[in-house]
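Position one of the sequence shown corresponds to residue 345 (this note's numbering), numbered consecutively onward. Ideal Cβ placement from N, Cα and C applies to all residues, glycine included. Fair warning: this is a prediction, and the values are worked out from it, not measured in the lab.
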Amino acid sequence: MTVRRTVILPPVPPPLQLYERMYKIRIFESRMEEEAKAGRLPGTFHSSVGQEAVAVGACGSLRPHDLVVSTHRGHGHFLAKGGDVFKLMAELYGRAEGYSGGKGGTQHVAGPECGFMGSNGITGGGIPVATGLGLALKRQGRENVVISFFGDGAANQGTFHESLNMAAIWKLPVIYVCENNGWGMSTAVKDVTAGVNIAHRGEAYGILYQRVDGNDLEEVLEQIRAGIQMVLNEQAPVLIEAVTWRVRGHSRSDQNLYRSKDVEAEWAQRDPLARYRTKLLKTGRATEQELTACEKRSDEELADAYARCQTLAPVAPETAVTKVYATPAEADAPDPSQEPLKDGAWEEKPYWQAIQEALREAMDKDPRIFLFGEDICEYGGCFKVTRGMLETYGKERLINTPVSEAGIVGLCTGAAMGGVRPVGEIMFMDFILLTLDQLLNHAAKFHYIYNGQVKIPMVIRTPMGGYRGYGATHSQCLDALLTHLPGLRVVTPSNARDAKGLLATCLTENNPVVFVEHKALYITKGPVPKESEKIPLGKAKIVRTGKDITIAANSYMVLLSLQAAEILAKDGIEAEVVDMRCLAPLDRKTVAESAARTQALVTVEESHFTGGWGAELTASVQELAFGYLDAPILRVAAADVPIPAAPELERAVLPSVDKIVATVRKALEARG
Ligand SMILES: Cc1ncc(C[n+]2csc(CCOP(=O)(O)OP(=O)(O)O)c2C)c(N)n1
Ligand SMILES: [Mg+2]
């Protein structure tokens, strides 16, 4: 690898120090695997024995403020980056003193204080996160780098390709280190990997790449050092494939029966620790006594950590429900939007414009905010919400991305963790299905599984909804789907005022939020206060009062429900309409109180009937207000079929004013 300019990196650590780090990893992994196999550790265990030279060689030239994102086989990476043996071990035992307070376990540990930004149980899941961290570093003008560790198996995930493409086009300071240990569980790399080799995939993205002997500490060290220099000088990513060998079985339960003993024996000859030890002795860079002293020090450190761990009390079960959200939902937060607007204090504006105003106001106040999505710049987004914003904020604050939805959300997640505030746009909510791993396994979980050590202040905006004949892949309401997993906020405003005020709150939240707009609402107009307001999340609003039945709706369904209420009123039925506004948190209380007053409830949603939020609310209301109800709770929802394109078919499937009216009548007819 050629380096065109020179960056002054700290000197390479002395050989004895490097040896000691490798030795420490070896004994940690060996001892802990014994503990796991003896059933004294919960869960699984992935040993990195045999791969120590990659971890230590890669981290050897990093500075404390450089960052690392790791994999399920991440203990070695963490220790190489300066992680504390005791805190890591305590995590493996599931103790409160562990890095993740027992919430993460072996595959989910982070130590941001030493730049270790998390290990990850999803193969390939950390690659976009690392890339997003690189984006955050670059946006903040910080001179540090990120190492993204991943395995040969992960190099076949889409996240790898999306990330490398994005890192290459934006020249992000990321060093992608593929630890090719020959195997992805029981599958040999050669059987599932096309092309010359993994390193060579860098060619496709026009970035520098190198294949190194991952069992030769000095070779790894030298090449990664060159990579860091390259990244720092040229601001370009680098891909390094370190060829190594997984000595142990894949995980605790793997008996390792599928590999040739001869090949294993060959690799044993190339053991990185023994090899480096011999080299140091042969070249006179260390004496036997010095090496033994290193080993003794590490042995003692491990023994001490082990002894301390044996004295730790089991983690308190109450902590299981803490640190799910970085910004808690405040049930008592003042909600200015419950008050009607005074004359002269508002202007009528379309929904899309209210959203843009919230974005603009937040961007003017907070320079960390930037917009990130497909066709959001000159084109203004598919539904033109960001029209004209490029002229004001320029390409620094609005970034057109490739068509890479998982990458968009993954990079936003990493960027948010890295200290900036991304607002991602997913062009149609249907495409959010491509992002679910990054959204729900990563963004929504990181704060919790790393025990509050990281925050993900990111907003993903996306339009949902049918009534336009777009068919099954461009019409869905997937808002309910997102509410099933904790850690995410799901906001679904029905009008311009709420859209602006809720988005303003989302842009100061420290939680990941999916802000769901509705295509049919973009051009609807409503009063928006001249003075900006912030509306707390998780508070429903009664938008029409009535004594006979409660209709709980969200998003566009609120408009249909209000129209239905007018029709019902002609027959003397006074419906109370509750706009849910947010689905997570879900305001069960307001609906239960309303239903207790009216003694009847109908829910109206555009998501599918089965497993919709209406079912959840129905269950909650019967729990909270059973004694008050005088009628069966009925639900209006999209039928359980893919959304068809022809208007007649779409009408048959989606909720309508008529269906709401009929359902309300049915509920009231069944009244006891
Ligand atoms: C998305 C996903 N698919 C499958 C798995 C199950 N799994 C765990 S590790 C692994 C193999 C990963 O291979 P590689 O990336 O080479 O890492 P290594 O285990 O060799 O370190 C698989 C398939 C997973 N954890 N995540
Ligand atoms: Mg592997």
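Is the separation between the beta-carbon of Asp410 and that of Val489 shorter than 9 Å? Locating residue 410 in the sequence shown gives position 66, counting from the first residue. Locating residue 489 in the sequence shown gives position 145, counting from the first residue. Cβ distance < 9 Å, so Asp410 and Val489 count as in contact.
Cross-strand partners of Trp527 (DSSP beta bridge): Position 183 of the sequence shown, counted from the start, is the residue given in the question as residue 527. According to DSSP, Trp527 bridges with Ala532.
Would you tell me roughly how many angstroms separate the C-alpha atoms of Phe970 and Leu945, rounded to the nearest one? Position 626 of the sequence shown, counted from the first residue, corresponds to residue 970. Position 601 of the sequence shown, counted from the first residue, corresponds to residue 945. For Phe970 and Leu945, the distance between alpha carbons rounds to 11 Å.
Does the Cβ of Asp496 lie closer than 8 Å to at least one heavy atom of ligand 2? Numbered from 1 along the sequence shown, position 152 holds the residue referred to as residue 496. Under cutoff, so the answer is yes.
Beta-bridge partners of Tyr553, as assigned by DSSP: Within the sequence shown, residue 553 is the residue found at index 209, counting from 1. DSSP output for Tyr553 lists Leu583 as bridge partner(s).
Please identify the residue among Ile867, Glu547, Gly528, Asp823 whose C-alpha is closest to the C-alpha of Phe953. Numbered from its first residue, the sequence shown carries residue 953 at position 609. Comparing Cα-Cα distances from Phe953 to each of Ile867, Glu547, Gly528, Asp823, the minimum goes to Asp823.
Can you tell me whether DSSP reads Glu861 as helix, strand or coil? The sequence position of residue 861 within the sequence shown is 517, counting from 1. In the structure shown, the three-state DSSP call for Glu861 is strand.
Looking at Gln501 and ligand 1, is the gap between the Cβ and the nearest heavy atom below 8 Å? One-based indexing of the sequence shown puts residue 501 at position 157. Answer for Gln501: yes, Cβ within range of ligand 1.
Have a look at Asp676 and Pro880 and give me their C-alpha separation to the nearest angstrom. Here residue 676 refers to the residue found at position 332 when the sequence shown is read from its first residue. Here residue 880 refers to the residue found at position 536 when the sequence shown is read from its first residue. Taking the straight line joining both Cα atoms gives about 9 Å.
Say the cut is 8 Å; is the CB of Glu506 nearer than that to a heavy atom of ligand 1? Residue numbering aside, residue 506 sits at position 162 when the sequence shown is read from its first letter. No - ligand 1 has no heavy atom lying nearer than 8 Å to the Cβ of Glu506.
Below 8 Å, is the gap between the Cβ of His421 and the nearest heavy atom of ligand 1? Within the sequence shown, numbered from 1, the residue matching residue 421 stands at position 77. Every heavy atom of ligand 1 is 8 Å or more from the Cβ of His421, so no.
How big is the Cα-Cα spacing for Glu705 and Gly717? In the sequence shown, counting from the first residue as 1, residue 705 sits at position 361. In the sequence shown, counting from the first residue as 1, residue 717 sits at position 373. Each residue's alpha carbon lies about 19 Å from the other.
Which first and last residues belong to the alpha helix (DSSP H) in which Arg1032 is found? Beyond the ends of the chain as shown, which are 345 and 1016, falls residue 1032; an answer cannot be given.
For Gly870 versus Glu585, is the C-beta spacing smaller than 9 Å? Counting from one through the sequence shown, the residue named residue 870 turns up at place 526. Counting from one through the sequence shown, the residue named residue 585 turns up at place 241. No. Outside cutoff.
To which residues does DSSP link Glu691 through a beta bridge? Within the sequence shown, the letter at position 347 stands for residue 691. Answer by DSSP bridge pairing, in chain order: Val872.
Check whether the Cβ atoms of Thr475 and Ala511 lie closer than 9 Å to each other. Taking the sequence shown and counting its residues from 1, the one referred to as residue 475 is at position 131. Taking the sequence shown and counting its residues from 1, the one referred to as residue 511 is at position 167. It is a contact, given that the beta carbons lie within the stated cut-off.
Leu601: buried (16+ other C-beta within 10 angstroms of its C-beta) or exposed? Along the sequence shown, one-based indexing puts residue 601 at 257. The residue is exposed, with fewer than 16 neighbouring Cβ atoms inside 10 Å.
Cα-Cα separation between Ala651 and Gly831, rounded to whole angstroms: As a working mapping, residue 651 is identified with position 307 in the sequence shown. As a working mapping, residue 831 is identified with position 487 in the sequence shown. Rounded to whole angstroms, Ala651 to Gly831 spans 35 Å at the Cα level.
Cα-Cα separation, Glu749 to Pro517: Within the sequence shown, numbered from 1, the residue matching residue 749 stands at position 405. Within the sequence shown, numbered from 1, the residue matching residue 517 stands at position 173. If you take the alpha carbons of Glu749 and Pro517, they lie about 21 Å apart.
Mind checking whether the beta-carbon of Val872 lies closer than 8 Å to any heavy atom of ligand 2? Position 528 of the sequence shown, counted from the start, is the residue given in the question as residue 872. False, no ligand heavy atom lies under 8 Å from that Cβ.
Please state the DSSP three-state secondary structure of Ser463. Position 119 of the sequence shown, counted from the first residue, corresponds to residue 463. Three-state result, Ser463: coil.
Range of the contiguous alpha helix (DSSP H) that encloses Arg641: Here residue 641 refers to the residue found at position 297 when the sequence shown is read from its first residue. Note, Arg641: alpha helix (DSSP H), 632-654.
Helix, strand or coil at Asn744 [DSSP, three-state]: Taking the sequence shown and counting its residues from 1, one reaches residue 744 at position 400. Strand at Asn744.
Considering only residues of the same chain and omitting the five flanking positions on each side of Thr1007, which have a CB-CB separation below 7 Å? In the sequence shown, the residue the question calls residue 1007 occupies position 663. Within the same chain, Thr1007 has close Cβ partners Val946, Leu978, Val980.
Would you say Glu523 touches ligand 2, meaning its beta carbon is less than 8 Å from a heavy atom? Taking the first residue of the sequence shown as 1, we reach residue 523 at position 179. At least one heavy atom of ligand 2 is nearer than 8 Å to the Cβ of Glu523, so yes.
Determine the burial state of Ile1004: buried for a count of at least 16 other Cβ atoms within 10 Å of its Cβ, exposed for fewer. In the sequence shown, residue 1004 corresponds to position 660, counting from 1. By the 10 Å Cβ count, Ile1004 comes out buried.
Could you tell me if the beta carbon of Gly446 falls within a distance shorter than 8 Å of some heavy atom in ligand 1? Taking the first residue of the sequence shown as position 1, residue 446 is located at position 102. Gly446 Cβ: outside cutoff for every heavy atom of ligand 1.
Environment of Thr346 [buried if 16+ CB atoms lie within 10 Å]: In the sequence shown, the residue the question calls residue 346 occupies position 2. With a pLDDT of 43 at Thr346, under the threshold of 50, the modelled position of that residue is not reliable, and the figure given next carries that caveat. Under this definition Thr346 is an exposed residue.
Have a look at Arg348 and Lys863 and give me their C-alpha separation to the nearest angstrom. Against the sequence shown, residue 348 aligns to sequence position 4. Against the sequence shown, residue 863 aligns to sequence position 519. Only weak support exists for where Arg348 lies, its pLDDT of 48 falling under 50; the value from the coordinates is given anyway. Those two C-alpha atoms are separated by around 51 Å.
Would you mind stating whether Glu506 and Gly754 have Cβ atoms separated by less than 9 Å? Stepping through the sequence shown from its first residue, residue 506 is reached at position 162. Stepping through the sequence shown from its first residue, residue 754 is reached at position 410. Yes; because the gap between Cβ atoms is below 9 Å, this pair is in contact.
Taking all protein chains shown into account, decide if Glu910 is buried (16 or more other Cβ within 10 angstroms of its Cβ) or exposed. Start at 1 with the first residue of the sequence shown, and residue 910 comes out as number 566. Exposed, since its Cβ has fewer than 16 Cβ neighbours within 10 Å.
Residues that DSSP places opposite Leu945 in a beta bridge: As a working note, residue 945 is residue 601 in the sequence shown. Note: Leu945 sits in a beta bridge opposite Thr894.
Would the C-beta of Val587 count as close to ligand 1, meaning under 8 Å from any of its heavy atoms? On the sequence shown, residue 587 is found 243 positions in, with the first residue counted as 1. No, since every heavy atom of ligand 1 falls outside the 8 Å radius drawn around the Cβ of Val587.
Would DSSP call Cys926 helix, strand or coil? Start at 1 with the first residue of the sequence shown, and residue 926 comes out as number 582. Here Cys926 sits in strand by DSSP.
Is His786 close to ligand 1? I mean its beta-carbon at under 8 Å from any heavy atom of the ligand. Looking up residue 786 in the sequence shown gives position 442. His786: no, Cβ never under 8 Å from ligand 1.
Rank Gln697, Gly796, Gly539, Arg603 by C-alpha distance to the C-alpha of Leu865 and give the top, closest one. For the purposes of this step, residue 865 is identified with residue 521 of the sequence shown, where counting begins at 1. Closest option to Leu865, Cα to Cα, is Gln697.
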